[in-house]
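Here's the structure we're looking at; comments come further down.
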Amino acid sequence: MNHTHPFRRRDSLVISVAILKAAKHGMKKTHLLNSVSMSYGQFTRYIGLLEAQGLVKESDNSYQTTGEGLELIEEFESSSLIRSILNI
């Protein structure tokens with residue numbers, strides 16, 4: 251697999267962190283879906299997993315990253331090992 255190709259598939263961790271970062275200050279479902287550039291089906295699957303893990307919560311059709319989700323973002327951004335493995 252060529253990791254330098256600009257249209258390579260995103261890793262699931264990268265997608266999860268992108269959703270968490272977008273929802274940091276709360277965001278309506280439609281805006282969140284558009285901000286992470288994914289299909290409705292993909293978004294539904296990822297947001298369900300993030301909710302089940304307690305990383306994001308839904309309230310009135312809006313999503314907000316939880317404290318645990320914010321910790322995951324911080325760990326991800328500070329881990330050069332993870333970033334080097336994912337080539338980002």
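In terms of this note's numbering, the sequence shown opens at residue 251 and continues consecutively. Backbone N, C-alpha and C fix where the C-beta goes; we use that ideal spot for every residue, glycine too.
Status (buried if at least 16 other CB within 10 Å, exposed otherwise) for residue i
| i | result |
| --- | --- |
| Y313 | buried |
| T294 | exposed |
Secondary structure of residue i, DSSP reduced to three states
| i | result |
| --- | --- |
| K279 | helix |
| V264 | helix |
| K274 | coil |
| Q314 | strand |
| N252 | Residue placement at N252 is flagged as unreliable, the pLDDT there being 41, under the threshold of 50; the coordinate-derived value follows with that caveat. Three-state result, N252: coil. |
| S328 | helix |
| S285 | helix |
Cβ-Cβ distance between residue i and residue j below 8 angstroms
| i | j | result |
| --- | --- | --- |
| K279 | T315 | no |
| I269 | I297 | yes |
| A219 | L282 | Any question about residue 219 goes unanswered here, given that the chain covers just 251 to 338. |
| E305 | E318 | Per the sequence presented here, residue 305 reads as Leu, with Glu not at that position. A contact, by the Cβ cut-off of 8 angstroms. |
C-beta neighbour in chain C for residue i, strict 8 angstroms
| i | result |
| --- | --- |
| T294 | Included in the structure is just one protein chain, with no chain C present. |
For the stretch 285-295 and the stretch 314-324, state whether three or more C-beta atom pairs, one from each stretch, are separated by less than 8 angstroms. no
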